[in-house]
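Report on the structure given below.
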Amino acid sequence: MRRPDTPSRWRRFELGLAALLLAILALDLAFPLPTPAADSSTLTVLAADGSPLRAWPGDDGAQRHPTTPEAVSANYTEALLHYEDRWFRWHPGVNPIAIVRAAWQWVRHGRIVSGGSTLTMQVARLVDDKAAGRSVPAKLRQIARALQLELHCSKHEILALYLNLAPMGGPLEGMETASRAYLGKGAADLSKAEAALLVALPQSPTRLRPDRAVQAAQVARDKVLTRMQTLGVWSAADVADAKLERVFAPPLRARWLAPLAAERVRQQARRDGRVEAVIQTTLDAGLQSRLEQLLTDRLNSLPDAVSLAALVVDNRSLEVRGYVGSADFTDARRGAHVDMVRARRSPGSTLKPFLYGMALDEGLIHSESLLIDAPQNFGGYAPGNFQADFSGPVSVAEALQRSLNVPAVDLLERLGPERFAGRLRHAGVKLRMPANAAPNLSLILGGGSTTLEELVGAYTALARGGVAGRPRLTVGDPLKESRVMSDGAAFIVREILENGGRPGSPFRESGQRVAWKTGTSFGFRDAWALGVTDRYTFGVWIGRPDGTPNPGHFGANSAAPLLRDLAAALGPDGMSNQARQQLAPRRRPDSVAAVPICWPLGGAEAATPPEQCLQRRTAWTLDGAVPPTLPDRLRPQPLLEPVWVAAGQRVRPDCAPEAERVEAVRWPALLGPFLDAEQRHPLERLPWRADCAPREPLANRLRVVGLEPGTVLRPAPGRHDVVLKLQAIGAQQGLTWLLDGQWVAASATAGAAQTLQVAHVGEHRLTVMDGLGRWARVEFRLAAP
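Under the working numbering, the residue at position 717 of the sequence shown is numbered 822, and the numbers go up by one with no gaps.
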């Protein structure tokens, strides 16, 4: 018989091989590999260091945290491959020796004793539910799927599938998820003992859960460690040390950090149409934990319905390092799910630093410009101070440090509310006004609404050379910044806020350099405090999320102490020694200079005649400008007026031809009631000559009726106070009554009777002012009962 030639036999082999490949291809197309689809409902929000803040399970209830082989500890991959599949790098998806061994055991025992599974076969079981189980058909399906996986995926991709899909007990899937949940750390930092525990866990995820079955989990872990020693991969000493580690995992529960920040990030991703399994924020996990604990500790001193919020921003990068939207995320009584970092609330007095900064840039003021803290009416708007008292002459620095209202409103009227609101809007502070309302003078006292986030972003300008920015919460957020004031103005404002404050200042005895400002909205609804250090800008808010008043709680007594504690938690100057070394030392801008100035004119001492310099001060000036005192509203003419003197007495110019005309400097008219005789110009203190006194009609003089100067009052028996019934004669355009500099009453009707109650024993000073700035004063004493 003739044998077929070699080419014919080779031809048949090629045809057979082609037919086999076609059959495999047809089967592959007919039964496509079920790859796990990305679950858009699964999301983990991370801190800057990769630690999870909050996770949302997928639609199937599983919690997943995607990872890659490069992000997993070498201890784990080493233990996994040596314990589960030593030939993983070389076999085609199945290990023939292991398959033969498993088949022999099946024949011998009548059941499957060992499945001979490779790591690829385990992945096949995870991606194809029908390949799960220990039956022969299931095993055959596993083998087919394993071969199919090797055909479509690289070894690196198969390993990644295992790391992300391996069951880890309960709702947990994947290495990173289990490491975070059970061990409280990322998979990149696993010790040998921890790696062995997580290698053993998928063998029986329910039976070996370390939070429920500690003993069983430890036995399984030690088995993996022994195998690694037997194979010579890990030394006996390393394994012995690893076995000394105690297996422990707290019960699985929601252990969240920054839950409202994470929820905000998730909502933003949805609005942007992004489908991401992991989003990384800029939050510092350690700082965030301290911040949350700080606010939680403060809750015991607050009413049940009151909440807290805080935000910390890194000045260098504008990245948010700490974010607490509500004090207790589990307390519904406090509006736990309302994010008060983003809530629109009245800012109270927190906008005043920007007003003074802008006024410095406009050349209206320097740091010691003379301002008037006295009752004033601005077209029907008559603001008062928080403590209801007035100080008369104050400097810009004093007015800002003490957060005085009247000087701020006066300055805003000169700058312009529309212009002020526009500059703030450009810097990221969007002042929302009531419906159909335009920016007005109430803005500077909290007449609009803004957010804690916008305020903190604006306050960063004080540490960033006048450039404000939008806080960045997630990695990759674009840098958005804008100038709100010049470098020099920012330096001066920060110096004012940092180097002083009202009595009882929480930072007065502290070694930290913190520029701080408080604010309280109308009706005690919102208490604010903002702070700036070289490294951080931070702010706190206290109030009720529903906007209900919170009497007795305001910026100075509630928010400022919390801000002090937050500054302490951030460390000296808000940074470590290493971080401080990375910052350039603070410098005074070239545009800023210290210049001696004179009150009441406000100009440089060098340019002021000595007789016109009634009070000397040293001011921070900007760009070489030393602006004079702002024009007097009641008497717009300059603060210099002629005085006629004859023989050491004041006279009228038409009365004594021999009189000498001398220029005398005067104070703004509204400051009259607040000045002692020693503060006035010496010429003003001269007595009038009797025959040359002013001819002002008696009807035009303002005087108090009902109380004579020097009167000693004594309460009636059984009482501790006296009630005075008074009237101001000769008043025009309304009246304001002050007792010892503190506002006690006002009347729109000139000459209206006024009842005043006096209860404190001692010397008192009663002052009445009318709308023209005229005033009268009566000093009296209340004796003890």
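Yeah, the Cβ is synthetic: ideal placement off N, Cα and C, and Gly gets one too.
Can you name, in chain order, every residue of its own chain whose Cβ lies under 7 Å from the Cβ of residue 708, other than the five neighbours on each side?
Counting only Cβ-Cβ distances below 7 Å, and skipping sequence neighbours, we find 702, 731 and 733.
Given a cut-off of 9 Å, decide if residue 536 and residue 553 are closer than it, judged by their beta-carbon atoms.
Cβ atoms of residue 553 and residue 536: closer than 9 Å.
How close, in whole Å, do the beta carbons of residue 158 and residue 388 come, if the pair is a contact with beta carbons under 8 Å?
Residue 158 to residue 388, Cβ: 7 Å. Contact.
Any contact of the stretch 584-597 with the stretch 480-494, i.e. 3+ C-beta pairs under 8 Å?
They do not touch, by the three-pair rule.
Which runs of the beta strand (DSSP E) spanning at least 3 residues fall entirely within the stretch 588-674, listed in chain order?
Segments of the beta strand (DSSP E) lying fully in the stretch 588-674: 620-625, 631-637 and 641-648.
Measuring straight from C-alpha to C-alpha, what distance separates residue 697 and residue 441?
Their Cα atoms are separated by approximately 46 Å.
Taking only the alpha-carbon atoms, compute the straight-line gap between residue 499 and residue 476 and give it to the nearest angstrom.
In a straight line, the C-alpha of residue 499 is about 5 Å away from that of residue 476.
On the three-state DSSP scale, how would you describe residue 157?
Three-state DSSP puts residue 157 in a strand.
Alpha helix (DSSP H) containing residue 830: first to last residue?
Residue 830 -> not in any alpha helix (DSSP H); beta strand (DSSP E) instead, spanning 827-834.
Since residue 263 is in the beta strand (DSSP E), which residue starts that stretch and which ends it?
Careful: residue 263 lies outside any beta strand (DSSP E), inside the alpha helix (DSSP H) at 260-270.
Quick test of the definition: if touching needs 3 or more C-beta pairs under 8 Å, does the stretch 523-543 touch the stretch 566-574?
Output reads yes: the stretch 566-574 touches the stretch 523-543.
Quick one: Cα of residue 571 to Cα of residue 520, how far?
Whole-angstrom Cα-Cα distance: 18 Å.
Please report how far the alpha carbon of residue 867 lies from the alpha carbon of residue 819, in whole angstroms.
Each residue's alpha carbon lies about 11 Å from the other.
Please report the distance separating the alpha-carbon of residue 319 from that of residue 354.
Cα-Cα distance, rounded: 8 Å.
Which stretch, first to last residue, makes up the beta strand (DSSP E) that contains residue 873?
From DSSP, the beta strand (DSSP E) with residue 873 extends over 867-875.
Indicate the three-state DSSP secondary structure (helix, strand or coil) for residue 225 in the structure shown.
Looking at residue 225 - three-state DSSP - the assignment turns out to be helix.
Taking residue 505 as the reference, which of 285, 629, 667 and 454 has the closest Cα?
Cα-wise, what sits closest to residue 505 is 454.
To which residues of the same chain is residue 193 closer than 6 Å at the C-beta, ignoring the five residues directly before and after it?
These residues qualify, in order along the chain: 186 and 224.
Between residue 641 and residue 444, which are expected to be in contact by the criterion C-beta below 8 Å, what is the C-beta distance as a whole number of angstroms?
Not a contact, Cβ separation roughly 21 Å.
Per DSSP, residue 892 forms a beta bridge with which residues?
The requested residue 892 does not occur in the structure, where the chain is confined to residues 106 to 890.
For a test of the three-state rule: what should DSSP assign to residue 327, helix, strand or coil?
Note: residue 327 maps to helix in three-state DSSP.
Under a three-way DSSP split, which group does residue 822 fall into?
Reduced to three states, the DSSP call for residue 822 is coil.
Alpha carbon to alpha carbon, how far is residue 826 from residue 842? Give it in angstroms, no decimals.
Those two C-alpha atoms are separated by around 18 Å.
CB-CB under 7 Å to residue 627, same chain, minus the five flanking residues each way: which ones, in chain order?
Correct list, in chain order: 451 and 551.
Smallest Cα separation from residue 305: which of 643, 673 and 328?
Ranking 643, 673 and 328 by Cα distance to residue 305 puts 328 first.
Please go through the stretch 526-596 and give each complete beta strand (DSSP E) segment of 3 or more residues, from N-terminal end onward.
Whole beta strand (DSSP E) segments, 3+ residues: 572-574 and 586-588.
For residue 809, which of 634, 800 and 830 has the nearest alpha-carbon?
It is 830 whose Cα lies nearest to the Cα of residue 809.
Can you tell me which of the three DSSP states residue 427 falls into?
Three-state result, residue 427: strand.
Determine the burial state of residue 220: buried for a count of at least 16 other Cβ atoms within 10 Å of its Cβ, exposed for fewer.
Residue placement at residue 220 cannot be trusted, given a pLDDT of 49 that sits under 50; the coordinates are not used to answer.
Under 9 Å, do residue 749 and residue 740 count as touching if we go by C-beta distance?
No, Cβ-Cβ distance for residue 749 and residue 740 is not below 9 Å.
For residue 456, does the three-state DSSP call read helix, strand or coil?
In the structure shown, residue 456 sits in coil (DSSP, three-state: anything other than H, G, I, E or B).
According to the neighbour-count rule (16 or more other Cβ atoms, all chains shown, within 10 Å of its Cβ), is residue 340 buried or exposed?
Exposed: under 16 other Cβ atoms inside 10 Å.
Secondary structure at residue 337, three-state DSSP: helix, strand or coil?
Of the three classes helix, strand and coil, the one that applies to residue 337 here is coil, per DSSP.
Would you mind reading off the limits of the alpha helix (DSSP H) that contains residue 393?
That run of the alpha helix (DSSP H) goes 390-403.
If residue 268 and residue 172 are in contact, beta carbons under 8 Å, what's the gap, nearest whole angstrom?
About 6 Å separates the two Cβ atoms, so the contact holds.
DSSP has residue 483 in a bridge; who is on the other side?
Note: residue 483 sits in a beta bridge opposite 486.
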